[in-house]
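Numbering (this note's numbering), first residue to last: 1 to 250.
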Amino acid sequence: DPDFEPASTPREHAAVPALSRVLLKSLGWLTPGFRRALAAEAPVLVHAHFGTNAPAAIPIARALGVPLVVTFHGADIATTARTSAQRARRARVFAAAARVIAVSDFIAERLRANGCPAERITVHHIGVDTRLFRPDDATPRAANLVLFVGRLVSKKGLTHLLAAMPAVLRAVPGAELWVRARAGEGTRETVLRQSLACRGVSIVSLPPAARGGWTAEVVSSAASAPSVGLSVREEGQSVWVVVGAAGGAP
């Protein structure tokens with residue numbers, strides 16, 4: 001709903017001592033002052049984004065007497081738990097959550113494989129703000145541009161997209177691949193940057209975005225790109241597919 005506005009502006013409790021937050025995350029101990037600050041907001045549920053954040057949310061939901069909802073996005077469940085402690089942590093989250101949201105069918109499958117009760121799982125895809133990402137006739141679109149936005153890691157499939165570019169060039173002579181990535185975000189960054197440079201691919205390092213926001217460079221790229229490239233095998237949900245669709249790019 002483009003006219004939707006939240007009932008209240010989300011606030012962070014900066015006044016809560018850092019020690020209280022550390023105790024919550026490390027020991028699961030919710031201090032009385034922290035509990036009172038949260039209770040003053042009169043929440044009707046606690047929503048933890050990423051399963052790795054959910055253990056700290058369990059004592060909050062219990063102390064406030066409200067349901068816990070946990071959304072799994074990708075890396076938090078895509079890999080199999082390697083230790084008994086990791087398995088126990090996931091089992092504790094699955095037992096405490098009233099509802100577990102998977103952002104894609106792949107994530108729902110991974111949740112079931114890791115022991116989450118199927119009846120608690122809801123597949124709910126992530127949307128984007130269509131007031132920000134929308135077709136813009138005033139912005140000229142390049143006729144031969146493919147845009148990739150993501151971390152420089154293997155699972156994002158950039159190597160597959162590079163391998164496909166010769167076929168793209170045969171179909172669209174002069175086609176360009178633009179890679180938008182933040183420096184330092186990616187376990188294979190050096191290797192992929194070298195591979196991109198050898199192929200003459202334009203790669204732009206993005207500055208850090210404001211918390212919870214998009215950089216102007218990314219928004220501008222999304223507005224001008226005629227297509228958005230995606231070549232992943234395992235992904236929660238690529239928000240950039242939705243961004244491309246909202247902006248009219250296939």
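In this text, a Cβ means the ideal position worked out from N, Cα and C, and glycines have one as well.
Alanine 102 burial status per 10 Å Cβ neighbour count (16 or more: buried): buried
Could you check the C-alpha separation between threonine 52 and alanine 245 for me, to the nearest Å? 30 Å
Top-ranked residue by Cα proximity to aspartate 76, from Val69, Thr83, Ala39 and Arg90: Taking only the C-alpha atoms, the option nearest aspartate 76 is Arg90.
Below 6 Å CB to CB, which residues in the same chain sit around proline 59 once its five sequence neighbours on both sides are set aside? Gly28 and Leu30
Inter-residue spacing [alpha-carbon to alpha-carbon] between threonine 130 and histidine 49: Taking the straight line from one Cα to the other gives about 22 Å.
Can you tell me which of the three DSSP states leucine 162 falls into? The three-state reading of DSSP puts leucine 162 in helix, counting H, G and I together.
Using the DSSP secondary-structure output, state which residues sit across from alanine 102 in a beta bridge. Phe72 and Val123
On the three-state DSSP scale, how would you describe glutamate 176? If DSSP states are grouped into helix, strand and coil, glutamate 176 belongs with the strands.
Any contact between the segment 106 to 125 and the segment 64 to 74? By contact I mean 3 or more CB pairs, one from each, below 8 Å. yes
What residue range is occupied by the uninterrupted alpha helix (DSSP H) comprising alanine 85? 84 to 96
Exposed unless 16 or more other CB atoms sit within 10 angstroms - verdict on valine 253: The first residue shown for the chain is 1 and the last is 250, placing residue 253 beyond what the model contains.
Where does leucine 132 sit, in a helix, a strand or coil, going by DSSP? Note: leucine 132 maps to coil in three-state DSSP.
Going by DSSP, what residues sit across from alanine 48 in a beta bridge? Partner(s): Val70.
Consult DSSP for leucine 169 and reduce its assignment to one of helix, strand or coil. helix
Express the C-alpha separation of asparagine 114 and threonine 80 in angstroms, rounding to a whole number. 7 Å
Nearest-angstrom beta carbon gap, alanine 97 and arginine 120 [assumed within contact, 8 Å]: 6 Å
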